[in-house]
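See structure below.
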DNA sequence: GCAAAAGTGTTATCACTACACCCATGG
DNA sequence: CCATGGGTGTAGTGATAACACTTTTGC
């Protein structure tokens, strides 16, 4: 029951840029589009918004439908509205980016989508303006990660310093000195050293750490300087 | 001609949070709403999006209609989509924030709107979720201003260091040491000292400065640390 | 016993903070 | 001549960056 007369009404979609980290590389979860136009091509996961659904709910819903996960880190990225972005009919897309622990992703949760992880450097061409969304999401992730302890969302509950460092190095595409990195991370007091070690990736083994959740919540919005040299960022 | 069947189509509006600085205080440009519901109440300036109009264009258009200005600094803030945010009919709002040189604002440009500047601390209650938009815009402005030389967009072409400092002090709601402030600002090499002085606000007069536009463009995306003590920001 | 990765400490440099006095002018 | 706001320098402190060797253990 339209109340504002003579105004254009448009389709609204929510699309999710889903990041995961496999211990070595940053990855993106993509699906093969199930409907025309561009059926069969690679795409971000998305859905039209429902009648009485918030964007945030919509994003959480499609994320859950695809991965089986709940309580995932989600943040609105940007609203995309170029009139011709969907050639079939004008559609607004509100894009969200999500950070998930890749190990918790359940491959079999939903066979409606053909979903696949792609290394961030080797993503296929995506439909519509989804490539632009991915570029923007990568920038925002970098930007945020430079000052906020956001990257822990990509890691499992227990992780090692070398893992954390290689995550940061992947995001910022640069190498850090491990002594300085360790000192800086420890100085945040966000980590709690565990008694056990990860023996997978080395003979000596690296100590596991967990997040101090209290401090993490408190410091999340603080400005911290995680990366050594600001000039590394354009 | 709808092509995606059985999907909901919604109204899309663009709303602008317009900041200005009068030399002393940060201000917000608000209008009295011209249509029902909530007619006559204070509101951000906004408009439904047109058939083949981008968000960015839409924001620039309404900004121009209201203020007469072109080439204004505009940045997308957030898309707001709570189903009940407009009680009459569900409407998505894509909010932009704008920084303008208040001196260039032309009061007479558009009498369709009753527009008024309000000190940021003394804004009236706004319709719908516009108060929330303002809060978010203030946060984002602070956040960006802490690392990017964005506040120059609020100043006239020629300005003095004391003016600049009081702008920063207003934004961060704190006082800075003028010697340290001056040194830090100068170290960015973004400013070019002029030969003439502003004699309005003091007997001795303060030198005017202009932005070095080349360096400004180059450094805009760089991370700089404009504010003295990071702990001042939550 | 050796290769491979983890862990750890020191020094030099730089950036930031705190702080106080002189200057120019209009009235 | 004095009140007002503008402009400048320095010393102490804390954070960052550069840098190399020892430890553990699986093979």
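Residue numbers (our numbering), protein chains in the order written: chain A, 27 to 260; chain B, 27 to 260. A virtual CB, placed ideally from N, CA and C, is assigned to each residue, including glycine. Note that this is a predicted model, so its numbers are computed, not measured.
Residue 35 of chain B sits in a strand when the DSSP states are folded into three classes. For residue 120 of chain B, the neighbours in chain A by C-beta distance under 9 Å run, in chain order, 105, 107, 118, 120. For the stretch 73 to 85 of chain A, residues whose beta-carbon sits nearer than 8 Å to a beta-carbon of chain B comprise 74, 75, 76, 77, 78, 79, 80, 81. In this structure residue 246 of chain B is exposed. Its beta-carbon is surrounded by fewer than 16 other beta-carbon atoms within 10 angstroms. In the structure shown, residue 140 of chain B falls within a strand segment according to DSSP collapsed to helix, strand and coil.
Contact annotation: in the stretch 89 to 102 of chain B, residues whose CB is within less than 9 Å of a CB in chain A are 102. By the Cβ rule, the stretch 176 to 183 of chain A counts as touching the stretch 113 to 127 of chain A, because three or more pairs are nearer than 8 Å.
If only uninterrupted beta strand (DSSP E) runs of at least 3 residues are considered, those enclosed by the stretch 180 to 249 of chain A are 217 to 224, 232 to 237. The Cβ-Cβ distance between residue 106 of chain B and residue 119 of chain B falls below 8 Å. By the Cβ rule, the stretch 78 to 97 of chain B does not count as touching the stretch 159 to 169 of chain B, because fewer than three pairs are nearer than 8 Å. Residue 186 of chain B is classed as buried because its beta carbon has at least 16 other beta carbons within 10 Å across all chains shown. Residue 39 of chain B is a Cβ neighbour of residue 73 of chain B, given a cutoff of 8 Å.
Using a Cβ-Cβ cut-off of 8 Å, residue 29 of chain A is close to 114, 115 of chain B, given in chain order.
Taking a C-beta distance under 8 Å as the contact criterion, residue 197 of chain A and residue 103 of chain A do not qualify as a contact pair. By the criterion of at least three beta-carbon pairs nearer than 8 Å, the stretch 139 to 154 of chain A is in contact with the stretch 58 to 72 of chain A. Using a CB distance cut-off of 8 Å, residue 34 of chain B counts as an interface residue toward chain A. Under the Cβ criterion of 8 Å, residue 167 of chain B is not counted among the residues facing chain A. For residue 104 of chain A, the secondary structure class from DSSP, reduced to helix, strand or coil, is strand.
At a cut-off of 8 Å between beta carbons, residue 38 of chain A contacts chain B. Exposed is the label assigned to residue 240 of chain A, since fewer than 16 other Cβ atoms lie within 10 Å of its Cβ. Straight-line spacing of the CA atoms in residue 177 of chain A and residue 46 of chain A works out to 10 Å. Following the DSSP letters along the chain, one finds residue 74 of chain A inside the beta strand (DSSP E) bounded by residues 71 to 74.
For residue 109 of chain A and residue 85 of chain B, the gap between their C-alpha atoms comes out near 15 Å. CA-to-CA, the gap between residue 161 of chain B and residue 147 of chain B works out to about 11 Å.
Pairing residue 142 of chain A with residue 123 of chain A gives a Cβ-Cβ distance that is not under 8 Å. Per DSSP, residue 134 of chain A lies in no beta strand (DSSP E) segment and is marked neither H nor E.
With a cutoff of 8 Å on beta-carbon distance, residue 235 of chain B and residue 218 of chain B are scored as near each other. Between residue 115 of chain A and residue 37 of chain A, the C-beta gap is smaller than 8 Å, which places the two residues in contact. The three-state reading of DSSP puts residue 117 of chain A in strand, counting E and B together.
In the three-state reduction of the DSSP assignment, residue 169 of chain A falls in the helix class.
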